[in-house]
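Please read the structure below before turning to the comments.
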Amino acid sequence: GNSVTQMEGPVTLSEEAFLTINCTYTATGYPSLFWYVQYPGEGLQLLLKATKADDKGSNKGFEATYRKETTSFHLEKGSVQVSDSAVYFCALKSSGNTGKLIFGQGTTLQVKP
Amino acid sequence: NAGVTQTPKFQVLKTGQSMTLQCAQDMNHEYMSWYRQDPGMGLRLIHYSVGAGITDQGEVPNGYNVSRSTTEDFPLRLLSAAPSQTSVYFCASSSGQARSSGNTIYFGEGSWLTVV
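Heads up: the protein sequence lines correspond to chains G and V, in order. For what it's worth, our numbering labels the leading residue of the first sequence as 36, then goes sequentially. For what it's worth, our numbering labels the leading residue of the second sequence as 1469, then goes sequentially.
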């Protein structure tokens, strides 16, 4: 079946460091891929998405490229801020508009000043 | 825009009690779903609905019941609460139309439930 695997956290970085959170997936067909962010005590917010191979999603300085050849959707940011501290979830929606997501386990990011 | 609204935000229940988590969306979305979030496990699908009158089970449906009598509302019922149902619950919705914006799934702010 479909699945999403994220790198285990927590990830602790200093402010202005480069961030990579790895995400790989297993799916049939052509899934859509998402990154969601959850700030402390809050709900889920869509951070970025990509709906087909080689698409790059970007938002708030974060980027992720849909790589079908490596079945990956790694999240990157060139210079993190303390305010980026949150839990990041990679998610997959299988081809066809089913309205259902399969999530990775989440990666906690802590950015220290 | 209200988007997806969940109530209550926090709830403490005693084992064996029943309760309903409410979810409403004002975007005329066909698809609605409930997830639970547990540490180290991401979010797991409980139940989902592709339209009024149609529901189906997700990955972890046991102990939960849903109905979809209107497009706007998708309540989640805990029939007899157990400590294992202590979790954060998220309701989500999305459009059923086959266009790129239909790929976006919108989440409510979550309901923190503790069963003692």
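Don't be surprised by glycine CBs; every beta carbon is placed ideally from N, CA and C. Since we're looking at a predicted model, the values are computed, not measured.
Considering only C-alpha positions, which residue in the set the options is nearest to residue i?
i                   : options                                           : result
Leu-136 of chain G  : V:Thr-1475, V:Ala-1520, V:Asp-1494 and V:Trp-1502 : V:Trp-1502
Thr-40 of chain G   : G:Ala-121, G:Leu-110, G:Leu-81 and G:Ala-85       : G:Leu-110
Tyr-71 of chain G   : G:Leu-82, G:Gly-64 and G:Thr-105                  : G:Leu-82
Gln-80 of chain G   : V:Met-1495, V:Gln-1493, V:Glu-1577 and V:Gly-1508 : V:Glu-1577
Ser-93 of chain G   : G:Glu-77, G:Gly-78, G:Ser-107 and G:Lys-112       : G:Lys-112
Gly-139 of chain G  : V:Glu-1498, V:Leu-1513 and V:Val-1472             : V:Leu-1513
Ala-1520 of chain V : V:Pro-1507, V:Gly-1471, V:Val-1534 and V:Gly-1508 : V:Val-1534
Pro-1529 of chain V : V:Phe-1478, V:Pro-1551, V:Arg-1545 and V:Glu-1540 : V:Arg-1545
Val-1472 of chain V : V:Lys-1482, V:Met-1500 and V:Phe-1478             : V:Met-1500
Thr-1488 of chain V : V:Glu-1498, V:His-1497 and V:Lys-1477             : V:Lys-1477
Ala-99 of chain G   : G:Gln-73, G:Asp-119 and G:Ile-56                  : G:Ile-56
Leu-54 of chain G   : G:Gly-134, G:Thr-63 and G:Tyr-123                 : G:Tyr-123
To which residues of the same chain is residue i closer than 7 angstroms at the C-beta, ignoring the five residues directly before and after it?
i                   : result
Gln-116 of chain G  : Glu-50 and Val-146
Ser-1548 of chain V : Gly-1484 and Ser-1486
Going straight from the alpha carbon of residue i to that of residue j, what length do you get?
i                   : j                   : result
Pro-1543 of chain V : Trp-1580 of chain V : 15 angstroms
Thr-1475 of chain V : Gln-1490 of chain V : 5 angstroms
Ser-1569 of chain V : Met-1495 of chain V : Residue placement at Ser-1569 of chain V is poorly supported in this model, since its pLDDT is 47, which falls under 50; the coordinates are not used for a value here.
Gly-1510 of chain V : Gly-141 of chain G  : 5 angstroms
Tyr-1574 of chain V : Ala-1560 of chain V : 5 angstroms
Met-42 of chain G   : Gly-1564 of chain V : 32 angstroms
Thr-61 of chain G   : Lys-84 of chain G   : 17 angstroms
Ser-190 of chain G  : Pro-75 of chain G   : With chain G covering 36 to 148 only, the question about residue 190 of chain G has no answer from this structure.
Glu-77 of chain G   : Gly-1526 of chain V : 24 angstroms
Ile-1516 of chain V : Tyr-1532 of chain V : Just to set this straight, residue 1516 of chain V is Tyr in the shown sequence, not Ile. Answer to the nearest angstrom: the Cα atoms are 12 angstroms apart.
Val-1518 of chain V : Gln-1493 of chain V : 14 angstroms
Ser-1562 of chain V : Phe-69 of chain G   : 14 angstroms
Pro-148 of chain G  : Ser-120 of chain G  : 11 angstroms
Gly-1508 of chain V : Ser-1537 of chain V : 34 angstroms
Arg-1558 of chain V : Thr-1572 of chain V : This sequence places Phe at residue 1558 of chain V; Arg is not what is there. In a straight line, the C-alpha of Phe-1558 of chain V is about 15 angstroms away from that of Thr-1572 of chain V.
Gly-96 of chain G   : Thr-63 of chain G   : 30 angstroms
Arg-1504 of chain V : Cys-58 of chain G   : 21 angstroms
Gln-73 of chain G   : Cys-125 of chain G  : 11 angstroms
Take residue i and list the residues in its own chain whose beta-carbon comes closer than 6 angstroms to its own, dropping the five residues that flank it on each side.
i                   : result
Thr-1582 of chain V : Val-1480 and Thr-1554
Asp-1541 of chain V : Ala-1492
Ser-114 of chain G  : Glu-51
Thr-47 of chain G   : Gln-145
Thr-143 of chain G  : Gly-44, Pro-45 and Val-122
Thr-133 of chain G  : none
Val-1556 of chain V : Gln-1505, Gly-1578 and Trp-1580
Apart from the five residues just before and just after residue i, which ones in its own chain have a Cβ nearer than 8 angstroms to its Cβ?
i                   : result
Pro-66 of chain G   : Asn-37, Tyr-60, Leu-127, Lys-128, Ser-129 and Ser-130
Val-1584 of chain V : Val-1480, Leu-1481, Lys-1482, Thr-1483 and Pro-1551
Thr-1523 of chain V : His-1515, Tyr-1516, Ser-1517, Val-1534, Ser-1535 and Arg-1536
Thr-1539 of chain V : Asn-1496, His-1497, Glu-1498, Gly-1519 and Ala-1520
Practice prompt. Take every Cβ of the stretch 98-109 of chain G, pair it with every Cβ of the stretch 83-90 of chain G, and state whether three or more of those distances are shorter than 8 angstroms.
Written response: yes
Item to complete: Kindly provide the ranges of any beta strand (DSSP E) runs that are 3 or more residues long and lie completely inside the stretch 1504-1551 of chain V, ordered along the chain.
Response: 1511-1519, 1522-1525, 1532-1534 and 1544-1546
Worksheet item: If you scan the stretch 88-132 of chain G from start to end, which runs of the beta strand (DSSP E) of 3 or more residues do you find wholly inside it?
Response: 91-94, 97-100, 110-112 and 121-128
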